[in-house]
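In our numbering, the protein residues as written are 36 to 391. The beta-carbon is built from N, C-alpha and C at its ideal position, and this holds for glycine as well. Note that the coordinates shown come from a computational prediction; the quantities given were computed from them, not determined experimentally. Single-structure report; data block below.
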Ligand code: CP3
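See the structure below:
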């Protein structure tokens, strides 16, 4: 099969013959074959075996027919290299024994050594670069989202300790953002050198902030990450996570190609709030997948109709897949997106030709 570059073309707002689709968390527990591997190995053990990590990355590409692969890893992986011991606890998430709470804790963080500590990640990318016939997306967690785990010590709903440091000691907060920003820049640059074809910066929890606080405490670091990586030719995606609709108008200065939308903001409205510079990606509520297939398709159709109204649209979910999702429904959804969008795009081209 020839290389499928529709995802890259859509990131660049170029013409496509059908809408490209991938799913956040497309490698995961909804797949029985993945659950089998997880009986033997933890997430971190899989990541440390490049052949196995590459195989897990490939599974959803083969099974679902998606237009991009996403590296099997976790946003926490690089923090091991800056001096943080963590574990990924099943059904909980990242857990840290010695959370960061003070200026001294921040001062202790080391610069990342990607080649020295994370060569397994680069090896996985190199294997996938050889094996894939769709683009490989790599990713990093954004500074706020990583900081929320480092400071809370475990997943949180309120981000009380994170916000307490942010509001209570802005100087230390900015030092932490600077160090995590440096980590992300070096890590993603190494991914792209190893063969990554695009990257996504996951800021899953930054929607917990009001727009003014996002602007003051987080946005400068997001701008710096995309500025410092702007020499790279690969498309760059910023996903401001769940409940991020109010943040969209603040993102105009970010040198990303694509912004990921959650399901609370319709695609057209998201584009309006972003101001027209970006391609957009999203945004089916993942839990719509619990509904009968005709309901799922009608939601997907609505999203596609808005998405293809302008160049630069990638179908995705508004957040990651969940363990109870159905492999069969995902497969059917993927082929529906391809088929329906191909017809709709061909139809609007015929329409244009008639009026020309
Ligand atoms: O998308 C993919 O298929 C690639 C793999 C991927 C994982 N984590 C593997 C994983 C990606 C892109 C991530 C990113 C990630 N990790 C994010 C950002 C995306 C998002 O969902 O907002 C966040 C916040 C994390 C931190 C994290 N890791 C959480 C909250 C959890 C869930 C805990 C649980 O058990 O429900 C994890 C564990 C994790 N990372 C799993 C997977 C497949 C599930 C547990 C497992 O299979 O071991």
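Where residue i falls: helix, strand or coil (DSSP)
i, result
"residue 364", "helix"
"residue 192", "coil"
"residue 58", "coil"
"residue 351", "strand"
"residue 141", "helix"
"residue 278", "coil"
"residue 101", "coil"
"residue 323", "helix"
"residue 217", "helix"
"residue 90", "helix"
"residue 118", "coil"
"residue 147", "coil"
"residue 345", "coil"
"residue 133", "coil"
"residue 376", "helix"
"residue 265", "coil"
"residue 310", "coil"
"residue 107", "coil"
"residue 386", "helix"
"residue 37", "coil"
"residue 359", "coil"
"residue 391", "coil"
"residue 95", "helix"
"residue 113", "helix"
CB-CB length for residue i against residue j, believed under 8 Å
i, j, result
"residue 99", "residue 369", "5 Å"
"residue 285", "residue 249", "6 Å"
"residue 293", "residue 270", "6 Å"
"residue 238", "residue 276", "5 Å"
"residue 308", "residue 324", "At roughly 26 Å, the Cβ-Cβ gap does not stay under 8 Å, so residue 308 and residue 324 are not in contact."
"residue 33", "residue 348", "A question about residue 33 goes unanswered here, because the residues of the chain that appear run from 36 up to 391."
"residue 171", "residue 160", "7 Å"
"residue 318", "residue 340", "Actually they are not in contact, since the Cβ atoms of residue 318 and residue 340 sit about 13 Å apart, beyond 8 Å."
"residue 302", "residue 342", "5 Å"
"residue 376", "residue 101", "Not really, about 14 Å apart at Cβ, beyond 8 Å."
"residue 68", "residue 94", "6 Å"
"residue 185", "residue 134", "6 Å"
"residue 361", "residue 38", "No, residue 361 and residue 38 are not in contact; Cβ-Cβ is about 29 Å, not under 8 Å."
"residue 207", "residue 200", "6 Å"
"residue 371", "residue 335", "6 Å"
"residue 150", "residue 89", "The pair is not a contact, with the Cβ atoms about 19 Å apart (cut-off 8 Å)."
"residue 162", "residue 85", "6 Å"
"residue 181", "residue 114", "7 Å"
"residue 144", "residue 117", "5 Å"
Residues that DSSP places opposite residue i in a beta bridge
i, result
"residue 286", "Bridge partners of residue 286: none, in fact."
"residue 318", "351"
"residue 202", "Answer by DSSP bridge pairing: none, since residue 202 is not bridged."
"residue 295", "316"
"residue 23", "Since the first and last residues shown for the chain are 36 and 391, residue 23 lies out of range."
"residue 128", "124"
### Task
Report the residue ranges of all beta strand (DSSP E) runs contained in full by the stretch 231-255; include only those spanning at least 3 residues, in chain order.
233-237
### Message
Restricting to runs no shorter than 3 residues, where is the beta strand (DSSP E) found entirely within the stretch 149-187?
### Response
171-176
### Task
Run through the stretch 39-83 for me and flag every whole alpha helix (DSSP H) of 4 or more residues, listed as ranges in chain order.
41-46, 67-75 and 78-82
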